[in-house]
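**Student:**
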Amino acid sequence: MAATEEGGSRFSRGRAHLRDFAARWTGTRTFVVSSAILFLSLGVTGALHPVAAILSFFFLAGISGARFMAVGETAPIRIGLSRNDESAAALGGGAAVALLDRLPDPVLVVDGSGRVIYANGAGEMLVGKGAFGRHVVTVLRSAPLVEAVNGVIGDGETRTIEYAVPVPVQRNYSAFVSSVQGVAPASKYVLVLLRDVTESRRIEAMRADFVAFASHELKTPLASLSGFIDTLRGHAKEDPEARDKFLAIMADQATRMRRLIEDLLSLSRIELREHVRPSDAVDLIGVANDIADGLKPLADQYDVAIGVTAPASLPKVLGDRDELAQVVQNLADNALRYGRAGKRIDISLSPDEKGGKPVVRLTVRDHGPGIAKEHIPRLTERFYRVDAAASRARGGTGLGLAIVKHIVNRHEGTLSIESELGHGAAFSVLLPVVPQS
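Here it is as structure tokens:
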């Protein structure tokens, strides 16, 4: 009886081996025939060199033969492994992968050999969709980050670093690299969590620059005032002519400091409420005429004519009247300071469209020397000047256009600058009109 059962078992195993043999033979035969047809066609048509086609065929045929000769259960050769399947197995199931995929920050998981076994959606945008299965050296463009990953693989100690990626546009990242235990008892992986800190670093640098520039701008008039005060207390104490001269200079420096402090406070107030949309209906024609009338004495002093042109039916804009008056004031004041050589400043208002929505276009144009193209993108930066010495001599603070930019942003408008050397400059602002009820 036992002999009969053993014979039946052998017979069953034999049948299984025969089925496995037949399946492997069928798959191998199909693979070899298909490869032969493919590489023969490539060689004949000239798409591939005949020698390369023959060598490629024999290489794949050898792989197929090795699979055919393998004993026991045969597994397919995995070229281009499935990220979802492998990652789910390593990270504890599809639910874990789904949760990590929803994170907004890039997440990578690396195995003990340094190969990427998982990258979430944000991570794939950073390292590419083909990162799975590749070594971290080939997908991470930062030597400090690769060194941190290798260090965690070696000693298991958590590391936090910051690094920069210089191309195509410089980005700054903060990386948290830690060892984690896998699902299998003996499996350990490295978790790499990245956070883009480019914007925060830019803001920090901007604040530092702002403090440095503001201190420098205040330091110069303060030094002048202190020097003249000491002079008037000393040998110029009894010299009426020198006293009058020094007092005039001190008054100019004090005025410069007052203007700078006012602009700094104004910029600070605007930034604090930049996210709050103004809701008043403002007549820009009245604003422009008021500013032109207020600047007339200064314009007469410079022998410059200021003209305002606008259609009578111009719609009102949605905004804050005081802030919009500051926009016109700063643009016209800049035109007087730097474009007065043209002897004319034109302030024009006209209806326009932006994105299919009605807007009002405000343009302040001078006919002075103009601005070189390389300076135009930076004109709205704080304290940026085309000619710093000339700007200070004319009483400029370097904050006027920065204030204009923030006010326009608060009003959901746009600012554009056009200029050519020798042909003056035009500053245009588009502002949304009051919605029709």
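With the working numbering applied, the sequence shown corresponds to residues 10 to 446, in that order.
Built from N, CA and C at the ideal position, the CB exists for glycine as well.
(1) Do I300 and A344 come within 9 Å of each other at the CB atom, strictly closer than that value?
(2) Quick check: the region 343-357 against the region 316-325, are there 3 or more CB pairs under 8 Å?
(3) Could you pull out every residue in the same chain whose Cβ sits closer than 8 Å to the Cβ of Y311, ignoring the five residues on either side in sequence?
(4) Is the beta carbon of N129 sitting closer than 9 Å to the one on L154?
(5) Determine which residues share a DSSP beta bridge with Q445 and list them.
(6) Within a Cβ cutoff of 7 Å, which residues of the same chain sit near D114, ignoring the five residues on either side of it in sequence?
(7) Report yes if the CB atom of S233 is closer than 9 Å to the CB atom of I270, and no otherwise.
(8) Quick one: what does DSSP say I354 is sitting in, helix, strand or coil?
(9) On a CA-only basis, which of D342, S359, D302 and S288 is nearest A321? Give me that one, please.
(10) From Y182 to H415, what distance separates their C-alpha atoms?
(11) So is G461 buried or exposed if we call it buried at 16+ other beta carbons inside 10 Å?
(12) Could you give the residue range of the beta strand (DSSP E) that holds A140?
(13) Cutting at 7 Å between CB atoms, please list the residues of its own chain near G351, excluding the five before and the five after it.
(14) Which residue wins for smallest C-alpha separation from H420, given the options F392, D331, L430 and K382?
(15) Within 10 angstroms of its Cβ, does D289 collect 16 or more other Cβ (buried), or is it exposed?
(16) Which first and last residues belong to the alpha helix (DSSP H) in which Q179 is found?
(17) Mind checking which residues open and close the beta strand (DSSP E) that includes I126?
(18) Reducing DSSP to helix, strand and coil, say where F222 ends up.
(19) Quick one: Cα of A341 to Cα of L439, how far?
(20) Classify D302: buried if its beta carbon has 16 or more other beta carbons within 10 angstroms, exposed otherwise.
(21) How should V176 be labelled, buried or exposed, when 16 other C-beta atoms within 10 angstroms of its C-beta is the threshold for buried?
(22) For S437, tell me which candidate among G137, F237 and V417 has the shortest Cα-Cα distance.
(23) Quick check: the region 157-168 against the region 114-127, are at least 3 beta-carbon pairs closer than 8 Å?
(24) So, with DSSP's three-state summary, where would you put I170?
(25) Below 8 Å, is the gap between the Cβ of I294 and the nearest heavy atom of the ligand ATP?
(26) What does the alpha-carbon distance come out to for the pair L64 and V125?
(27) Could you have a look at T372 and say whether DSSP puts it in helix, strand or coil?
(28) Go ahead and pull the three-state DSSP assignment for A184.
(29) Can you list, in chain order, the residues of its chain whose CB lies under 7 Å from that of L307, leaving out five sequence neighbours each side?
(30) Can you check which of these residues, Y347, G295 and V337, is closest to V313 by C-alpha distance?
(31) Buried or exposed: where does P386 fall if 16 or more other Cβ atoms within 10 Å of its Cβ makes it buried?
(32) Just reading off the alpha helix (DSSP H) that E280 is part of, what are its end residues?
(33) R286 by DSSP, collapsed to three states: which one?
(34) Quick one: any contact between the region 217-228 and the region 379-394, if contact means 3 or more CB pairs under 8 Å?
(35) From the DSSP output, read off the bridge partner residues of Q190.
**Tutor:** For this structure:
(1) Residue numbering aside, residue 344 sits at position 335 when the sequence shown is read from its first letter. Residue numbering aside, residue 300 sits at position 291 when the sequence shown is read from its first letter. No, the pair does not count as a contact, with Cβ atoms beyond the cut-off.
(2) yes
(3) As a working mapping, residue 311 is identified with position 302 in the sequence shown. So the list reads L345 and R349, once near-sequence residues are dropped.
(4) In the sequence shown, counting from the first residue as 1, residue 129 sits at position 120. In the sequence shown, counting from the first residue as 1, residue 154 sits at position 145. No.
(5) Stepping through the sequence shown from its first residue, residue 445 is reached at position 436. None, per the DSSP bridge assignment.
(6) The residue you call residue 114 lines up with position 105 of the sequence shown. Correct list, in chain order: A131, L202, L203 and R204.
(7) Here residue 233 refers to the residue found at position 224 of the sequence shown. Here residue 270 refers to the residue found at position 261 of the sequence shown. No, they are not a contact pair.
(8) Position 345 of the sequence shown, counting from 1, holds the residue named residue 354. Strand at I354.
(9) Working through the sequence shown from its first residue, we reach residue 321 at position 312. Among D342, S359, D302 and S288, the Cα nearest to that of A321 is on S359.
(10) As a working mapping, residue 182 is identified with position 173 in the sequence shown. As a working mapping, residue 415 is identified with position 406 in the sequence shown. Cα to Cα, the separation comes out at about 28 Å.
(11) The structure shown does not extend to residue 461, since the chain spans only 10 to 446, so no value can be given for it.
(12) Locating residue 140 in the sequence shown gives position 131, counting from the first residue. No beta strand (DSSP E) contains A140, which DSSP labels as neither H nor E.
(13) Taking the first residue of the sequence shown as position 1, residue 351 is located at position 342. The answer, listed in chain order, is D375, H376, G377 and G433.
(14) The residue given as residue 420 occupies position 411 in the sequence shown. Out of F392, D331, L430 and K382, D331 has the C-alpha closest to the C-alpha of H420.
(15) For the purposes of this step, residue 289 is taken as the residue at position 280 of the sequence shown. By the neighbour-count rule (16 or more Cβ atoms within 10 Å), D289 is not buried but exposed.
(16) Reading the sequence shown from its first residue, position 170 is the one you call residue 179. Where Q179 is concerned, there is no enclosing alpha helix (DSSP H), given that its DSSP letter is neither H nor E.
(17) For the purposes of this step, residue 126 is identified with residue 117 of the sequence shown, where counting begins at 1. It spans V125 to A128 - the beta strand (DSSP E) in which I126 sits, taken as one unbroken run.
(18) Counting from 1 along the sequence shown, the entry for residue 222 is found at position 213. In this structure, F222 counts as helix in the three-state DSSP scheme.
(19) Residue mapping note: residue 341 aligns to position 332 of the sequence shown, counting from 1. Residue mapping note: residue 439 aligns to position 430 of the sequence shown, counting from 1. Taking the straight line from one Cα to the other gives about 16 Å.
(20) Residue numbering aside, residue 302 sits at position 293 when the sequence shown is read from its first letter. With fewer than 16 other Cβ atoms within 10 Å, it is exposed.
(21) By 1-based counting over the sequence shown, the position of residue 176 is 167. The residue is exposed, with fewer than 16 neighbouring Cβ atoms inside 10 Å.
(22) Translated into positions along the sequence shown, residue 437 becomes position 428. Here the closest residue by C-alpha is V417.
(23) yes
(24) For the purposes of this step, residue 170 is taken as residue 161 along the sequence shown, with counting starting at 1. Three-state DSSP puts I170 in a strand.
(25) You won't find the ligand ATP in this model; it holds no ligand whatsoever.
(26) Reading the sequence shown from its first residue, position 55 is the one you call residue 64. Reading the sequence shown from its first residue, position 116 is the one you call residue 125. With a pLDDT of only 42 at L64, under the threshold of 50, the placement of this residue in the model should not be trusted, and no figure is reported.
(27) Within the sequence shown, residue 372 is the residue found at index 363, counting from 1. In this structure, T372 counts as strand in the three-state DSSP scheme.
(28) Reading the sequence shown from its first residue, position 175 is the one you call residue 184. The answer is strand: DSSP assigns A184 an E or B state.
(29) Here residue 307 refers to the residue found at position 298 of the sequence shown. Cβ within range, chain order: L345.
(30) As a first step, residue 313 must be located in the sequence shown, where it is residue number 304. Measuring from the Cα of V313, the nearest candidate turns out to be Y347.
(31) The residue you call residue 386 lines up with position 377 of the sequence shown. Under this definition P386 is an exposed residue.
(32) As a position in the sequence shown, residue 280 is number 271, starting the count at 1. Start and end: P249 to L281.
(33) Stepping through the sequence shown from its first residue, residue 286 is reached at position 277. In this structure, R286 counts as coil in the three-state DSSP scheme.
(34) yes
(35) Reading the sequence shown from its first residue, position 181 is the one you call residue 190. Answer is K197.
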